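Let me begin by presenting the structure, written as structure tokens, before commenting on it.
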Amino acid sequence: QSPNHPIIQSSNHPIPISISIEVPDLCGRYTAAVMKGIKIAPSPHWMAMRLQASGIRPINNVVDVTNYVLIERGQPLHAFDLDMLTGPAIEVRTARPGEKIKAIDGKQKELRPDMLVIADVERPIAVAGVMGGAETEVNDNTKRILIESAWFVPTQVRRTSKALKTITESSYRFERGVDPEGVINALYRTVELIGQVTGGCLAGEIKDIYPKPYKPGYLSIRPERANKLLGTGLEPGQIAQFLERIGIELDHVDDKKIKGTVPTYRLDLKEEVDLIEEIARLHGFPNIPTQVPRAGIAARAPEPSQGLVHRIRTILLSQGMTEVISYSFMSPNEIEALGLGKNDPRMQMVSVQ
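So the sequence shown is residues 21 to 373, counted in the numbering used here.
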């Protein structure tokens, strides 16, 4: 797709806006689109009903579209009122000492310097990956908007979410990892839907800042190892088919190893054992045979002393004596080695003849 997508209507009068990422190690990708001619209204009935079925309360057509694409694509998005941004500009940076933000829930949040924020030239306007600010949220008078679709480091979002004691639909997904390559497609989809439900159009090209493109993972799996762990007898060709079904692009298949590139939306596939788990799931757990564990028992002849002890015990019992099995006897020297005081209860030992 491209900004010239036939479904996306673009204006001939672009609105300039500056966008920068100061901490690319925490924000790997930031895309944005500016739209104008927005008419805020309730969402169409079909969209409101689908959101409610997903447990999300409809708010207005712009916010509802971002939530709709969140459910549809798994990519969190946020819309700012462009006229409330100073500059207008977007800076992805860490919070400065003493900065605060009024969240969309009306609560004032104190920010720490290790928290990632989205800011304009003057102040933070959102906590990256967690929540937006009340001062720039879309309202009934909004006419121009900036739509954000980004990829933030999961550990950063989780740390900030826990520190602020705030869990949102966005933070829940960012913490678990979203597809870095799906960021731009989700933005196009959002622009398309907002154009349909609000009558707005693009005001300039869609911006995509991607300082360090994500490198897809490359994994290999040993068919012999997979069968040993699962207790199956799958052929390499069957294993290859399972891997292709989950989107892995294979470039090497033989009896020893199967290698391929992992799709960017499967951030959970990091090791060989992760692929083996997928094979078990696709093959079907009921199809994996169940076996009772086997353990060998090694027997050996008893020691001569054991036979002697048993014989003595039998003779004494037959003479009417009683066998008492109690705690092991200890010599006084072993007790004294503990260094206990004379009045310690443990020093009150029972002596035997």
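All C-beta atoms in this analysis are idealised placements derived from N, C-alpha and C, irrespective of residue type, glycine included. If you're wondering where the values come from, they're calculated on a predicted model, not measured in any experiment.
Query	Result
Looking at C-alpha atoms only, which residue of 182, 119 and 149 is the closest neighbour of residue 190?	149
Could you tell me which uninterrupted beta strand (DSSP E) segments, each at least 3 residues in length, are contained entirely in the stretch 126 to 207, listed from first to last along the chain?	128 to 130, 136 to 139, 144 to 147 and 165 to 172
Does the stretch 41 to 58 come within contact of the stretch 194 to 214, defined as at least 3 CB pairs closer than 8 angstroms?	yes
Taking only runs of the alpha helix (DSSP H) that begin and end inside the stretch 268 to 350, which ones reach a length of at least 4 residues, in chain order?	292 to 303 and 324 to 338
For residue 100, which beta-bridge partners are listed by DSSP?	157 and 166
Do you know offhand how far residue 335's Cα is from residue 326's?	14 angstroms
Residue 250 lies in the alpha helix (DSSP H); which residues open and close that run?	243 to 250
Could you say which of 222, 277, 248 and 196 lies nearest to residue 311 if we only look at CA atoms?	248
With residue 86 as the anchor, note down where its alpha helix (DSSP H) starts and where it stops.	81 to 93
By how many angstroms is the C-alpha of residue 307 removed from the C-alpha of residue 56?	56 angstroms
Reducing DSSP to helix, strand and coil, say where residue 106 ends up.	coil
Spatial neighbours of residue 173 within its chain, please: C-beta separation below 6 angstroms, excluding the five flanking residues on both sides.	46
Helix, strand or coil: how does DSSP classify residue 48 here?	strand
Tell me which same chain residues have a C-beta within less than 8 angstroms of the C-beta of residue 25, skipping the five on either side of it?	Legend: pLDDT at residue 25 = 47, less than 50; position of this residue unreliable, value from coordinates given subsequently. Once the five neighbours on either side are set aside, the close Cβ partners of residue 25 are 208 and 212.
Select from 58, 76 and 106 the residue whose C-alpha is nearest the C-alpha of residue 92.	76
On the CB-based measure, 16 or more other CB atoms within 10 Å of its CB, does residue 96 come out buried or exposed?	buried
Rounded to a whole number of angstroms, what is the C-alpha to C-alpha distance between residue 352 and residue 342?	26 angstroms
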